[in-house]
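Colleague: Residue numbering for the sequence shown is 67 to 497, as defined by the numbering used here.
Every residue, glycine too, gets a C-beta built ideally from N, C-alpha and C.
Computed from a predicted model, the values in this text were never measured in an experiment.
The structure is given below, and queries will be raised subsequently.
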Amino acid sequence: MRKMKKVLSLAMTAAMTASLLTGMGAVTASAKKSDDGKRTKITALLKGTESTEQYKTFDYLLKNFCDEKGLDYEIELVNDMQDYFTKLQMYINSDTLPDIFGCPNGTLSKACKDIDALVNVGDELERNGYDEKLNGAIRDFLTDADDGNMYLFPQGLYCEYFMYRKDIFEKAGIKDAPTTWEEFEEDCQKIADQGEIPVIVGGSDAWQLMRYLSFSPWRVTGPEFIEGYQAGTDSFSDNESAKYAVNLLSDLGTKGYFEPGFASVDFTSACNLFFGGSGAIFYTGSGQISIAEEMYDNGELGFFPVPDTEGMDNMSTNIPVHAGFAEGFNKATYDDTMQEFFDYMCENFTDACYNQAQVFSPFNEELPEGLPQLYYDTQPMFEDAETAWTSWDDKLDSDVMTKIVDEQQQLAQGIIKPDEFIKTCDSLVKK
(Lines of atoms letter the chains of each structure in order from A; the text may use other names.)
(Lines give C-alpha, C1' and ligand atoms only; values in the text may rest on other atoms or scores of the structure.)
Protein backbone atom coordinates (compact mmCIF):
# COMPACT_ATOMS: atom_id res chain seq x y z
CA MET A 67 0.00 0.00 0.00
CA ARG A 68 1.57 3.29 -1.06
CA LYS A 69 0.42 6.77 -0.12
CA MET A 70 2.10 9.94 -1.38
CA LYS A 71 1.42 13.41 -0.07
CA LYS A 72 2.75 16.62 -1.55
CA VAL A 73 2.50 19.85 0.43
CA LEU A 74 2.68 22.97 -1.71
CA SER A 75 4.96 25.64 -0.23
CA LEU A 76 3.20 28.82 0.86
CA ALA A 77 5.91 30.84 -0.84
CA MET A 78 5.46 29.16 -4.19
CA THR A 79 4.59 31.70 -6.86
CA ALA A 80 1.94 31.21 -9.50
CA ALA A 81 4.63 30.85 -12.15
CA MET A 82 6.33 28.05 -10.24
CA THR A 83 2.98 26.37 -9.68
CA ALA A 84 2.16 26.61 -13.37
CA SER A 85 5.51 25.05 -14.21
CA LEU A 86 4.97 22.26 -11.71
CA LEU A 87 1.49 21.59 -13.03
CA THR A 88 2.69 21.42 -16.61
CA GLY A 89 5.19 18.79 -15.59
CA MET A 90 2.90 16.72 -13.39
CA GLY A 91 -0.51 16.99 -15.02
CA ALA A 92 0.02 14.23 -17.52
CA VAL A 93 1.69 12.09 -14.88
CA THR A 94 -1.24 12.42 -12.50
CA ALA A 95 -3.72 11.52 -15.22
CA SER A 96 -1.80 8.54 -16.62
CA ALA A 97 -0.74 7.08 -13.27
CA LYS A 98 -4.30 6.08 -12.48
CA LYS A 99 -4.31 3.24 -15.03
CA SER A 100 -2.10 0.19 -15.55
CA ASP A 101 -1.07 -1.12 -18.95
CA ASP A 102 -4.17 -3.29 -19.13
CA GLY A 103 -6.40 -0.28 -18.52
CA LYS A 104 -7.32 -1.10 -14.93
CA ARG A 105 -7.31 1.64 -12.32
CA THR A 106 -4.34 1.51 -9.96
CA LYS A 107 -4.73 4.67 -7.90
CA ILE A 108 -7.22 7.25 -6.61
CA THR A 109 -6.01 10.85 -6.48
CA ALA A 110 -7.25 13.76 -4.37
CA LEU A 111 -6.42 17.45 -3.95
CA LEU A 112 -7.37 18.90 -0.57
CA LYS A 113 -6.85 22.20 1.20
CA GLY A 114 -5.11 22.02 4.55
CA THR A 115 -2.57 19.90 6.39
CA GLU A 116 -2.56 16.44 7.91
CA SER A 117 -4.22 17.88 11.02
CA THR A 118 -7.23 19.40 9.24
CA GLU A 119 -10.64 17.75 9.19
CA GLN A 120 -10.98 17.20 5.46
CA TYR A 121 -7.67 15.36 5.30
CA LYS A 122 -8.41 13.23 8.37
CA THR A 123 -11.76 12.16 6.89
CA PHE A 124 -10.56 11.32 3.38
CA ASP A 125 -7.24 9.80 4.40
CA TYR A 126 -9.18 7.41 6.64
CA LEU A 127 -11.77 6.54 3.99
CA LEU A 128 -9.31 6.21 1.10
CA LYS A 129 -6.85 4.12 3.11
CA ASN A 130 -9.51 1.61 4.16
CA PHE A 131 -11.12 1.41 0.73
CA CYS A 132 -7.85 1.15 -1.18
CA ASP A 133 -6.48 -1.47 1.21
CA GLU A 134 -9.60 -3.52 0.48
CA LYS A 135 -9.30 -3.10 -3.29
CA GLY A 136 -5.52 -3.33 -3.63
CA LEU A 137 -5.22 0.24 -4.90
CA ASP A 138 -2.86 3.09 -4.15
CA TYR A 139 -4.04 6.58 -3.30
CA GLU A 140 -2.44 10.00 -3.40
CA ILE A 141 -3.53 13.07 -1.48
CA GLU A 142 -2.04 16.38 -2.53
CA LEU A 143 -2.26 19.01 0.22
CA VAL A 144 -2.09 22.78 -0.20
CA ASN A 145 -2.42 24.72 3.03
CA ASP A 146 -2.62 28.37 2.02
CA MET A 147 -6.08 29.39 0.73
CA GLN A 148 -4.89 31.53 -2.18
CA ASP A 149 -2.26 28.97 -3.23
CA TYR A 150 -4.97 26.33 -3.16
CA PHE A 151 -7.32 28.38 -5.32
CA THR A 152 -4.47 29.01 -7.77
CA LYS A 153 -3.63 25.31 -7.96
CA LEU A 154 -7.25 24.23 -8.38
CA GLN A 155 -7.82 26.83 -11.10
CA MET A 156 -4.78 25.52 -12.99
CA TYR A 157 -6.10 21.98 -12.83
CA ILE A 158 -9.42 23.28 -14.15
CA ASN A 159 -7.75 25.26 -16.95
CA SER A 160 -5.71 22.25 -18.07
CA ASP A 161 -8.61 19.80 -17.55
CA THR A 162 -6.41 17.54 -15.38
CA LEU A 163 -8.44 17.52 -12.18
CA PRO A 164 -7.80 14.64 -9.77
CA ASP A 165 -10.53 12.15 -8.91
CA ILE A 166 -11.56 14.09 -5.78
CA PHE A 167 -10.89 17.74 -5.04
CA GLY A 168 -11.88 20.24 -2.38
CA CYS A 169 -14.05 22.93 -3.90
CA PRO A 170 -16.13 25.73 -2.33
CA ASN A 171 -19.62 26.29 -3.69
CA GLY A 172 -19.17 29.44 -5.78
CA THR A 173 -16.84 30.73 -8.49
CA LEU A 174 -14.58 27.68 -8.61
CA SER A 175 -17.39 25.15 -8.66
CA LYS A 176 -18.95 27.14 -11.51
CA ALA A 177 -15.65 26.97 -13.39
CA CYS A 178 -15.66 23.18 -12.93
CA LYS A 179 -19.26 22.98 -14.08
CA ASP A 180 -18.46 25.08 -17.15
CA ILE A 181 -16.07 22.36 -18.39
CA ASP A 182 -18.50 19.59 -17.37
CA ALA A 183 -16.04 18.30 -14.75
CA LEU A 184 -18.44 17.67 -11.86
CA VAL A 185 -20.37 14.52 -11.03
CA ASN A 186 -23.97 15.28 -10.05
CA VAL A 187 -23.63 14.26 -6.40
CA GLY A 188 -27.36 14.77 -5.82
CA ASP A 189 -28.16 12.07 -8.40
CA GLU A 190 -25.64 9.73 -6.81
CA LEU A 191 -27.15 10.25 -3.37
CA GLU A 192 -30.59 9.47 -4.77
CA ARG A 193 -29.19 6.33 -6.40
CA ASN A 194 -27.65 4.94 -3.20
CA GLY A 195 -30.44 6.08 -0.86
CA TYR A 196 -28.46 8.62 1.16
CA ASP A 197 -30.40 11.57 -0.24
CA GLU A 198 -33.13 11.03 2.37
CA LYS A 199 -30.57 11.08 5.19
CA LEU A 200 -28.92 14.35 4.19
CA ASN A 201 -29.55 17.33 6.48
CA GLY A 202 -31.90 19.78 4.75
CA ALA A 203 -29.77 22.86 5.45
CA ILE A 204 -26.68 21.11 4.06
CA ARG A 205 -28.60 20.29 0.90
CA ASP A 206 -29.71 23.92 0.68
CA PHE A 207 -26.13 25.15 1.20
CA LEU A 208 -24.78 23.04 -1.67
CA THR A 209 -27.67 23.38 -4.13
CA ASP A 210 -26.47 25.06 -7.32
CA ALA A 211 -28.16 28.43 -7.77
CA ASP A 212 -28.26 28.10 -11.57
CA ASP A 213 -29.86 24.70 -12.12
CA GLY A 214 -30.92 23.39 -8.68
CA ASN A 215 -28.61 20.38 -8.82
CA MET A 216 -26.09 19.37 -6.16
CA TYR A 217 -22.57 18.95 -7.50
CA LEU A 218 -20.53 18.98 -4.28
CA PHE A 219 -20.30 16.62 -1.34
CA PRO A 220 -20.23 18.19 2.14
CA GLN A 221 -17.04 18.15 4.20
CA GLY A 222 -19.22 17.81 7.29
CA LEU A 223 -21.94 19.71 9.08
CA TYR A 224 -20.75 22.88 10.78
CA CYS A 225 -23.10 24.90 12.95
CA GLU A 226 -22.72 28.16 14.84
CA TYR A 227 -24.36 29.49 17.99
CA PHE A 228 -23.74 31.69 21.02
CA MET A 229 -22.19 30.38 24.22
CA TYR A 230 -22.55 32.19 27.52
CA ARG A 231 -21.11 32.10 31.02
CA LYS A 232 -23.80 31.00 33.43
CA ASP A 233 -22.15 32.61 36.46
CA ILE A 234 -22.08 36.05 34.83
CA PHE A 235 -25.71 35.74 33.70
CA GLU A 236 -26.70 34.77 37.24
CA LYS A 237 -24.71 37.67 38.70
CA ALA A 238 -26.55 40.06 36.36
CA GLY A 239 -29.94 38.60 37.28
CA ILE A 240 -30.53 37.08 33.84
CA LYS A 241 -32.61 33.92 34.17
CA ASP A 242 -33.13 33.00 30.51
CA ALA A 243 -31.00 33.34 27.40
CA PRO A 244 -32.15 36.10 25.02
CA THR A 245 -34.56 35.18 22.23
CA THR A 246 -34.65 38.57 20.46
CA TRP A 247 -31.96 41.14 19.70
CA GLU A 248 -33.77 43.61 21.94
CA GLU A 249 -33.39 41.15 24.83
CA PHE A 250 -29.78 40.54 23.80
CA GLU A 251 -28.93 44.24 24.14
CA GLU A 252 -30.84 44.51 27.43
CA ASP A 253 -28.81 41.59 28.79
CA CYS A 254 -25.59 43.19 27.58
CA GLN A 255 -26.40 46.32 29.56
CA LYS A 256 -27.19 44.29 32.70
CA ILE A 257 -23.85 42.52 32.34
CA ALA A 258 -21.97 45.78 31.76
CA ASP A 259 -23.61 47.22 34.89
CA GLN A 260 -21.92 44.40 36.84
CA GLY A 261 -18.51 45.48 35.55
CA GLU A 262 -18.21 42.48 33.21
CA ILE A 263 -17.53 42.40 29.46
CA PRO A 264 -20.82 41.50 27.76
CA VAL A 265 -19.54 40.14 24.42
CA ILE A 266 -16.18 38.84 23.20
CA VAL A 267 -15.61 39.26 19.45
CA GLY A 268 -12.61 38.72 17.17
CA GLY A 269 -13.01 42.08 15.47
CA SER A 270 -9.87 41.91 13.33
CA ASP A 271 -11.24 38.88 11.47
CA ALA A 272 -13.69 40.25 8.90
CA TRP A 273 -16.29 37.50 9.34
CA GLN A 274 -16.74 38.04 13.07
CA LEU A 275 -18.21 41.56 12.86
CA MET A 276 -19.92 40.67 9.60
CA ARG A 277 -21.92 37.98 11.38
CA TYR A 278 -23.64 40.69 13.46
CA LEU A 279 -24.22 42.67 10.29
CA SER A 280 -25.82 39.70 8.54
CA PHE A 281 -27.78 37.91 11.30
CA SER A 282 -30.97 39.95 10.97
CA PRO A 283 -31.17 39.91 7.13
CA TRP A 284 -30.49 36.17 7.17
CA ARG A 285 -33.21 35.37 9.74
CA VAL A 286 -35.73 37.55 7.88
CA THR A 287 -34.85 37.03 4.20
CA GLY A 288 -32.54 33.99 4.01
CA PRO A 289 -30.18 34.63 1.07
CA GLU A 290 -32.50 37.15 -0.59
CA PHE A 291 -31.08 40.37 0.82
CA ILE A 292 -27.43 39.75 0.02
CA GLU A 293 -28.28 38.39 -3.43
CA GLY A 294 -30.47 41.43 -4.10
CA TYR A 295 -27.83 43.80 -2.76
CA GLN A 296 -25.15 42.26 -4.96
CA ALA A 297 -27.45 42.45 -7.98
CA GLY A 298 -28.35 46.06 -7.23
CA THR A 299 -32.05 45.30 -6.66
CA ASP A 300 -31.95 45.77 -2.87
CA SER A 301 -30.05 48.04 -0.51
CA PHE A 302 -29.36 48.68 3.16
CA SER A 303 -31.53 51.77 3.04
CA ASP A 304 -34.51 49.95 1.50
CA ASN A 305 -34.34 46.73 3.53
CA GLU A 306 -35.59 47.04 7.11
CA SER A 307 -33.82 43.89 8.35
CA ALA A 308 -30.49 45.06 6.91
CA LYS A 309 -30.96 48.54 8.33
CA TYR A 310 -31.73 46.95 11.70
CA ALA A 311 -28.45 45.01 11.55
CA VAL A 312 -26.43 48.16 10.87
CA ASN A 313 -27.85 49.79 13.98
CA LEU A 314 -27.30 46.60 15.99
CA LEU A 315 -23.59 46.45 15.15
CA SER A 316 -23.24 50.15 15.89
CA ASP A 317 -24.92 49.71 19.29
CA LEU A 318 -22.83 46.71 20.30
CA GLY A 319 -19.60 48.49 19.46
CA THR A 320 -20.30 52.04 20.63
CA LYS A 321 -22.10 51.15 23.85
CA GLY A 322 -19.05 49.26 25.07
CA TYR A 323 -20.57 45.79 24.83
CA PHE A 324 -17.52 44.38 23.00
CA GLU A 325 -14.21 43.90 24.82
CA PRO A 326 -11.73 46.83 24.84
CA GLY A 327 -9.56 46.80 21.72
CA PHE A 328 -11.87 44.34 19.95
CA ALA A 329 -10.92 45.69 16.52
CA SER A 330 -7.39 44.28 16.87
CA VAL A 331 -8.39 40.92 18.38
CA ASP A 332 -8.42 37.93 16.00
CA PHE A 333 -10.74 34.93 16.37
CA THR A 334 -8.13 32.66 17.96
CA SER A 335 -7.35 35.31 20.57
CA ALA A 336 -11.07 35.84 21.13
CA CYS A 337 -11.46 32.09 21.79
CA ASN A 338 -8.62 32.24 24.29
CA LEU A 339 -10.23 35.22 26.01
CA PHE A 340 -13.67 33.71 26.37
CA PHE A 341 -12.72 30.14 27.24
CA GLY A 342 -10.01 31.57 29.48
CA GLY A 343 -12.66 33.27 31.59
CA SER A 344 -13.23 36.73 30.07
CA GLY A 345 -16.61 37.97 28.88
CA ALA A 346 -20.17 36.69 29.15
CA ILE A 347 -21.16 35.88 25.55
CA PHE A 348 -19.20 34.58 22.55
CA TYR A 349 -20.33 33.62 19.06
CA THR A 350 -18.77 30.26 18.30
CA GLY A 351 -19.99 26.81 17.25
CA SER A 352 -19.25 23.16 16.65
CA GLY A 353 -15.68 23.89 15.61
CA GLN A 354 -14.84 24.81 19.20
CA ILE A 355 -16.58 21.92 21.00
CA SER A 356 -13.25 20.45 22.09
CA ILE A 357 -12.31 23.77 23.71
CA ALA A 358 -15.71 24.23 25.38
CA GLU A 359 -16.18 20.61 26.45
CA GLU A 360 -14.72 20.75 29.96
CA MET A 361 -16.39 24.05 30.94
CA TYR A 362 -19.72 22.84 29.57
CA ASP A 363 -19.51 19.51 31.41
CA ASN A 364 -18.77 21.45 34.60
CA GLY A 365 -21.98 23.44 34.17
CA GLU A 366 -20.17 26.73 33.49
CA LEU A 367 -21.48 27.32 29.96
CA GLY A 368 -24.84 27.47 28.22
CA PHE A 369 -25.75 28.10 24.57
CA PHE A 370 -28.48 29.78 22.54
CA PRO A 371 -29.31 30.24 18.83
CA VAL A 372 -29.32 33.44 16.77
CA PRO A 373 -32.02 35.71 18.25
CA ASP A 374 -35.10 36.87 16.35
CA THR A 375 -35.35 40.36 14.92
CA GLU A 376 -38.32 41.65 16.86
CA GLY A 377 -41.27 42.99 14.90
CA MET A 378 -40.31 41.07 11.73
CA ASP A 379 -41.19 37.67 10.28
CA ASN A 380 -38.23 35.41 11.09
CA MET A 381 -37.70 32.02 9.45
CA SER A 382 -37.74 28.96 11.71
CA THR A 383 -34.06 28.08 11.15
CA ASN A 384 -32.03 29.97 13.75
CA ILE A 385 -28.74 28.07 13.68
CA PRO A 386 -26.30 28.87 10.86
CA VAL A 387 -25.40 25.59 9.16
CA HIS A 388 -22.86 25.12 6.37
CA ALA A 389 -20.98 22.28 4.73
CA GLY A 390 -17.38 23.42 5.14
CA PHE A 391 -14.96 23.17 2.22
CA ALA A 392 -16.93 20.74 0.06
CA GLU A 393 -15.60 18.13 -2.38
CA GLY A 394 -16.13 17.61 -6.06
CA PHE A 395 -15.78 14.33 -7.97
CA ASN A 396 -14.20 14.48 -11.43
CA LYS A 397 -16.81 13.41 -13.97
CA ALA A 398 -14.14 12.40 -16.51
CA THR A 399 -12.60 9.81 -14.17
CA TYR A 400 -15.77 8.70 -12.38
CA ASP A 401 -15.64 5.02 -13.32
CA ASP A 402 -17.06 1.95 -11.58
CA THR A 403 -14.31 2.05 -8.96
CA MET A 404 -14.99 5.68 -8.08
CA GLN A 405 -18.72 5.00 -7.85
CA GLU A 406 -17.94 2.09 -5.56
CA PHE A 407 -15.78 4.42 -3.44
CA PHE A 408 -18.61 6.98 -3.37
CA ASP A 409 -20.98 4.39 -1.92
CA TYR A 410 -18.34 3.21 0.55
CA MET A 411 -17.75 6.85 1.56
CA CYS A 412 -21.45 7.45 2.22
CA GLU A 413 -21.77 4.27 4.27
CA ASN A 414 -18.78 5.19 6.46
CA PHE A 415 -18.89 8.99 6.43
CA THR A 416 -20.69 9.43 9.73
CA ASP A 417 -18.15 7.22 11.48
CA ALA A 418 -15.27 9.17 9.90
CA CYS A 419 -16.77 12.53 10.87
CA TYR A 420 -17.13 11.72 14.56
CA ASN A 421 -14.23 9.35 15.16
CA GLN A 422 -11.60 10.87 12.88
CA ALA A 423 -12.41 14.55 12.27
CA GLN A 424 -14.57 15.34 15.33
CA VAL A 425 -17.24 17.19 13.33
CA PHE A 426 -20.97 16.68 12.89
CA SER A 427 -21.97 14.35 10.06
CA PRO A 428 -24.08 15.89 7.26
CA PHE A 429 -26.29 12.80 7.43
CA ASN A 430 -29.12 12.62 9.98
CA GLU A 431 -27.91 9.41 11.52
CA GLU A 432 -27.75 8.43 15.17
CA LEU A 433 -24.89 9.98 17.09
CA PRO A 434 -22.37 7.40 18.30
CA GLU A 435 -21.74 6.93 22.01
CA GLY A 436 -18.83 8.57 23.77
CA LEU A 437 -18.92 12.04 22.19
CA PRO A 438 -18.68 15.25 24.23
CA GLN A 439 -22.11 16.11 25.68
CA LEU A 440 -22.31 19.29 23.59
CA TYR A 441 -22.84 17.19 20.46
CA TYR A 442 -25.96 15.58 21.91
CA ASP A 443 -27.32 18.80 23.41
CA THR A 444 -26.84 21.09 20.40
CA GLN A 445 -27.92 18.69 17.64
CA PRO A 446 -31.69 19.18 18.24
CA MET A 447 -31.27 22.88 17.33
CA PHE A 448 -30.41 22.11 13.70
CA GLU A 449 -31.31 18.51 12.84
CA ASP A 450 -34.56 19.66 11.16
CA ALA A 451 -33.09 22.87 9.67
CA GLU A 452 -33.96 23.41 6.01
CA THR A 453 -32.34 26.77 5.23
CA ALA A 454 -28.55 27.06 5.11
CA TRP A 455 -26.39 29.88 6.39
CA THR A 456 -25.70 32.55 3.78
CA SER A 457 -22.13 33.73 4.18
CA TRP A 458 -21.67 37.20 2.74
CA ASP A 459 -17.92 36.84 2.25
CA ASP A 460 -18.34 34.27 -0.54
CA LYS A 461 -21.31 36.04 -2.15
CA LEU A 462 -19.93 39.58 -2.45
CA ASP A 463 -17.44 40.72 -5.07
CA SER A 464 -14.00 40.90 -3.45
CA ASP A 465 -13.76 44.67 -3.95
CA VAL A 466 -17.20 45.28 -2.39
CA MET A 467 -16.37 42.87 0.42
CA THR A 468 -13.13 44.69 1.24
CA LYS A 469 -14.88 48.05 1.39
CA ILE A 470 -17.73 46.77 3.58
CA VAL A 471 -15.19 45.26 5.97
CA ASP A 472 -13.49 48.66 6.27
CA GLU A 473 -16.83 50.35 6.85
CA GLN A 474 -18.03 47.83 9.46
CA GLN A 475 -14.84 48.33 11.46
CA GLN A 476 -15.45 52.07 11.53
CA LEU A 477 -19.14 51.58 12.32
CA ALA A 478 -18.45 49.32 15.32
CA GLN A 479 -15.82 51.72 16.64
CA GLY A 480 -18.11 54.75 16.30
CA ILE A 481 -15.91 56.44 13.70
CA ILE A 482 -18.91 56.62 11.37
CA LYS A 483 -22.66 56.65 12.07
CA PRO A 484 -25.18 54.10 10.77
CA ASP A 485 -26.51 56.53 8.16
CA GLU A 486 -22.99 57.07 6.83
CA PHE A 487 -22.38 53.33 6.65
CA ILE A 488 -25.63 52.77 4.77
CA LYS A 489 -24.96 55.59 2.30
CA THR A 490 -21.43 54.39 1.55
CA CYS A 491 -22.30 50.69 1.24
CA ASP A 492 -25.31 51.38 -0.96
CA SER A 493 -23.00 53.28 -3.33
CA LEU A 494 -20.76 50.25 -3.80
CA VAL A 495 -23.15 48.39 -6.12
CA LYS A 496 -24.87 49.54 -9.27
CA LYS A 497 -28.65 49.59 -9.41
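Considering just the uninterrupted stretch of the beta strand (DSSP E) at Leu-112, what are its terminal residues?
Modeller: First-last of the beta strand (DSSP E) with Leu-112: 107-113.
Colleague: In the DSSP output, what is Gly-394 paired with across the bridge?
Modeller: In the DSSP output, where bridge partners are listed per residue, Gly-394 has Phe-167.
Colleague: Between the Cα of Phe-348 and the Cα atoms of Phe-324, Asn-145, Asp-450 and Asn-201, which residue gives the shortest distance?
Modeller: The shortest Cα separation from Phe-348 among Phe-324, Asn-145, Asp-450 and Asn-201 belongs to Phe-324.
Colleague: Go ahead and label Glu-236 buried or exposed: buried means 16 or more other beta carbons lie within 10 angstroms of its beta carbon, across all protein chains shown.
Modeller: Label assigned to Glu-236: exposed.
Colleague: For my contact list, Ala-203 and Ala-423 are in at a C-beta cut-off of 8 Å; report their separation, rounded to the angstrom.
Modeller: Contact flag wrong, Cβ pair sits at about 19 Å.
Colleague: Expressed to the nearest angstrom, what Euclidean distance is found between the alpha-carbon atoms of Asp-259 and Asn-430?
Modeller: C-alpha separation (whole angstroms): 43 Å.
Colleague: Among Trp-455, Tyr-410 and Val-312, which residue has its Cα nearest to the Cα of Val-471?
Modeller: When each option's Cα is compared against that of Val-471, the closest is Val-312.
Colleague: Would Ala-308 and Phe-291 be called neighbours here (beta carbons separated by less than 7 Å)?
Modeller: Yes.
Colleague: If we ignore side chains and look at the alpha-carbon of each, how far apart do Asn-171 and Gly-261 end up?
Modeller: One C-alpha to the other measures close to 44 Å.
Colleague: For Thr-115, collect the residues of the same chain with a Cβ closer than 8 Å to its Cβ; drop the 5 residues on either side in sequence, then sort them by chain order.
Modeller: Closer than 8 Å at the Cβ level, and outside the excluded window around Thr-115, lie Val-73, Tyr-121, Leu-143 and Asn-145.
Colleague: Does the Cβ-Cβ distance between Gly-390 and Tyr-224 come in under 7 Å?
Modeller: Closer than 7 Å, so yes.
Colleague: So what's Asp-146 in DSSP terms, helix, strand or just coil?
Modeller: DSSP places Asp-146 in coil when its eight states are reduced to three.
Colleague: Taking only the alpha-carbon atoms, compute the straight-line gap between Glu-435 and Tyr-441 and give it to the nearest angstrom.
Modeller: Whole-angstrom Cα-Cα distance: 10 Å.
Colleague: With respect to the beta strand (DSSP E) encompassing Ile-347, which residues constitute its N-terminal and C-terminal limits?
Modeller: It spans 347-351 - the beta strand (DSSP E) in which Ile-347 sits, taken as one unbroken run.
Colleague: Looking at C-beta atoms only, is the number of pairs between the segment 391-404 and the segment 173-183 that lie closer than 8 Å three or more?
Modeller: With a cut-off of 8 Å, the segment 173-183 and the segment 391-404 count as touching, because enough Cβ pairs lie within range.
Colleague: Output the residue ranges of the alpha helix (DSSP H) runs that lie fully inside the segment 198-264 and measure 4 residues or longer, sorted by chain position.
Modeller: Runs of the alpha helix (DSSP H) inside the segment 198-264: 202-208, 232-237 and 247-259.
Colleague: Relative to the C-alpha of Phe-415, which residue among Thr-403, Glu-359, Gly-368 and Pro-428 is closest?
Modeller: For the residues Thr-403, Glu-359, Gly-368 and Pro-428, the minimum Cα distance to Phe-415 belongs to Pro-428.
Colleague: First and last residue of the beta strand (DSSP E) that includes Leu-367?
Modeller: Run containing Leu-367: 367-370, per the beta strand (DSSP E) assignment.
Colleague: DSSP puts Gly-138 in a beta bridge; with which residues?
Modeller: Rather than Gly, the amino acid found at residue 138 in this sequence is Asp. BP columns for Asp-138 point to Lys-107.
Colleague: Using the Cα positions of Ala-364 and Gln-354, report the straight-line distance between them to the nearest angstrom.
Modeller: A quick correction: the sequence has Asn, not Ala, at residue 364. Answer to the nearest angstrom: the Cα atoms are 16 Å apart.
Colleague: Tell me which residue opens and which closes the alpha helix (DSSP H) that Thr-118 is part of.
Modeller: Element bounds for Thr-118: n/a, residue is neither H nor E.
Colleague: Which partner residues does Asp-374 have in the DSSP bridge list?
Modeller: According to DSSP, Asp-374 bridges with Thr-246.
Colleague: Looking at the structure shown, is Gly-89 part of a helix, part of a strand, or coil, going by DSSP?
Modeller: Annotation note: pLDDT 38 at Gly-89 (below 50); position unreliable, no value reported.
Colleague: Comparing alpha-carbon positions, which option in Ser-280, Thr-106 and Pro-386 lies nearest Leu-462?
Modeller: Ranking the options by Cα distance to Leu-462, first place goes to Ser-280.
Colleague: Relative to the C-alpha of Ala-468, which candidate in Ser-270, Arg-231 and Phe-426 has its C-alpha closest?
Modeller: The identity of residue 468 in the sequence shown is Thr, whereas the question assumes Ala. Checking every option, the nearest Cα to that of Thr-468 belongs to Ser-270.
Colleague: Note the first and the last residue of the continuous alpha helix (DSSP H) segment covering Ala-423.
Modeller: Run containing Ala-423: none; DSSP gives neither H nor E here.
Colleague: Can you tell me whether Met-229 is buried or exposed, with buried defined as 16 or more other CB within 10 angstroms of its CB?
Modeller: Flag for Met-229 reads buried.
Colleague: Counting only the same chain and skipping the five closest in sequence on each side, list residues whose C-beta sits under 7 Å from that of Val-466.
Modeller: Cβ within range, chain order: Leu-494 and Val-495.
Colleague: Specify the secondary structure class of Ile-266 as computed by DSSP and reduced to three states.
Modeller: Of the three classes helix, strand and coil, the one that applies to Ile-266 here is strand, per DSSP.
Colleague: Between which residues of its own chain and Gly-288 is the CB-CB distance below 8 Å, once the five residues before and five after are set aside?
Modeller: Result list for Gly-288: Met-381, Thr-453 and Thr-456, in chain order.
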